[in-house]
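Q:
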Amino acid sequence: MTAIAQRAAPPKRSDRRRMLITPEGIALPITLASRSTRLGALVLDLGIMVVALLLTTFILGYGAVRFAGDALGAKGGMNADQKGAVQFLLIAWLVLVWLTRYAYFLLFELGPRGATPGKRITGIRIAARSGGRLTAEMVLARNLLRDIELFLPLQLLITAQTSDGTDYTGLMAGLWFLLFALFPFFNRDRLRAGDLIAGTWVIEAPKRKLEAVLSTGQTASRGTSQTTGVSYKFADEELAVYGEFELQTLERVLRENRHEGLVAVHEAICLKIGWNPGAGDERAFLEAYYTQLRARLETGMRMGKRKADKFG
310 MTAIAQRAAP
320 PKRSDRRRML
330 ITPEGIALPI
340 TLASRSTRLG
350 ALVLDLGIMV
360 VALLLTTFIL
370 GYGAVRFAGD
380 ALGAKGGMNA
390 DQKGAVQFLL
400 IAWLVLVWLT
410 RYAYFLLFEL
420 GPRGATPGKR
430 ITGIRIAARS
440 GGRLTAEMVL
450 ARNLLRDIEL
460 FLPLQLLITA
470 QTSDGTDYTG
480 LMAGLWFLLF
490 ALFPFFNRDR
500 LRAGDLIAGT
510 WVIEAPKRKL
520 EAVLSTGQTA
530 SRGTSQTTGV
540 SYKFADEELA
550 VYGEFELQTL
560 ERVLRENRHE
570 GLVAVHEAIC
580 LKIGWNPGAG
590 DERAFLEAYY
600 TQLRARLETG
610 MRMGKRKADK
620 FG
């Protein structure tokens, strides 16, 4: 009975926990977005796209009707300038439709947040499964696949419903749509076909404040090593290369206090800001960098400026 009850229980949040390995070799715990959350984000994005398209269609259509009405009310019909204006509005509408279909997801997902408005509302974002930066090639690949997964079968379904034919276009389009719609249910990482091809994950990215300050001691907070007596002071441009995400990663490394993790992060930061890594004083360096980076980010937050990560 216990085994049966365990199988029948709903999926736990722990089933969505994964470890993301950064290029610096640091393991970061992440939580994959649930299928329902991803569906909700897609519905929100499609709703935003439809509303934006309807509003701009109304505005452009109103302009075209005004031009045509003025021309019909005058003798001789539309002149060359009025015809050109109407043609321009029609071309603008076609470009808008194209941008709504293809550029909406690309532009938002290529941004520093890696998320469309629908994803941001539901608290999820895209991440590279390699742990590196989300590249334009990844975003392009996953969104080109969306055309095959979603828009093309829906077009065929609509065409089949409006036609008088008795062929199997609607049935085939329905099966096509279901095949890709159910794809996330057949892999443990909840990947759609676009994620599989592009090498991406969709993960939870809840809004949160900076965690409680890590206690580093007065000497470390002043940037002075208790081991060597060296004073670490970082210029603003050396601190500006990182954001809140990297600060939290650094805090986690300091809390865990694993030597290999300290060495890896110490070398990564030194190479990033142009310092000679050296050896033997990694923790003092990282504590000083952590304290000064945190102070800089908190000052920016009080001024209404936030830096989410090193790409922001």
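Residue numbers (the working numbering): 310 to 621. Even glycine gets a Cβ: it sits at the ideal position worked out from N, Cα and C.
DSSP on M584, reduced to helix/strand/coil?
A: Note on identity: in this sequence residue 584 is Trp, with Met being the wrong assignment. Coil, per DSSP.
Q: If you drop the 5 nearest sequence neighbours on each side, which residues of the same chain put their C-beta closer than 8 angstroms to that of I430?
A: So the qualifying residues of the chain are A350 and L353.
Q: Put S343 into one of helix, strand or coil per three-state DSSP.
A: Looking at S343 - three-state DSSP - the assignment turns out to be coil, as it is neither helix nor strand.
Q: Of the residues D504, I506, R438 and Y411, which one's Cα is nearest the Cα of F460?
A: Among D504, I506, R438 and Y411, the Cα nearest to that of F460 is on Y411.
Q: Is the separation between the beta-carbon of I582 and that of E547 shorter than 8 angstroms?
A: yes
Q: Suppose contacts are defined by Cβ-Cβ distances below 8 angstroms. Is E553 in contact with L606 by that definition?
A: yes
Q: For R344 and R603, I'd like the C-alpha separation in whole angstroms.
A: Across the structure, R344 and R603 are spaced so that their CA atoms are roughly 35 angstroms apart.
Q: Measure from the alpha carbon of A507 to the alpha carbon of each residue in A436, L416 and F417, then state which is nearest.
A: A436
Q: Would you give the residue range spanned by the beta strand (DSSP E) that A436 belongs to?
A: I433 to A437
Q: Under the three-state reduction of DSSP, which class applies to V511: helix, strand or coil?
A: strand
Q: Ignore the nearest five residues each way along the sequence and tell me which others in Q527's own chain have a CB closer than 7 angstroms to its CB.
A: With a pLDDT of only 49 at Q527, under the threshold of 50, the placement of this residue in the model should not be trusted, and no figure is reported.
Q: Only counting the same chain, and skipping five residues up and downstream in sequence, which positions put a Cβ closer than 7 angstroms to that of K619?
A: V550, Y551, G552 and E555
Q: Between G427 and the rest of its own chain, which residues show a CB-CB distance below 6 angstroms, the 5 nearest in sequence each way excluded?
A: Excluding positions up to five away in sequence, the list reads A350, L353 and D354.
Q: Out of curiosity, what's the CA-to-CA distance linking N434 and L405?
A: Here the sequence assigns Arg to residue 434, which means Asn is not the residue at that position. Rounded to the nearest whole angstrom, the CA to CA distance from R434 to L405 is 25 angstroms.
Q: Do W402 and T346 have their C-beta atoms closer together than 8 angstroms?
A: no
Q: How should H568 be labelled, buried or exposed, when 16 other C-beta atoms within 10 angstroms of its C-beta is the threshold for buried?
A: Around the beta-carbon of H568, fewer than 16 other beta-carbon atoms lie within 10 Å, marking it exposed.
Q: Along the chain, where does the beta strand (DSSP E) containing M328 start, and where does it finish?
A: Boundaries of the beta strand (DSSP E) around M328: R326 to I330.
Q: In chain order, what residues of the same chain have a beta carbon less than 6 angstroms from the beta carbon of A424, not counting five sequence neighbours either side?
A: R434
Q: Beta-carbon separation of G440 and L329 under 8 angstroms?
A: For G440 and L329, yes; Cβs fall inside 8 angstroms.
Q: Would you say D504 and L341 are within 8 angstroms of each other, going by their C-beta atoms?
A: no
Q: Would you kindly check if the distance between the Cβ of T409 and the Cβ of M447 is under 8 angstroms?
A: no
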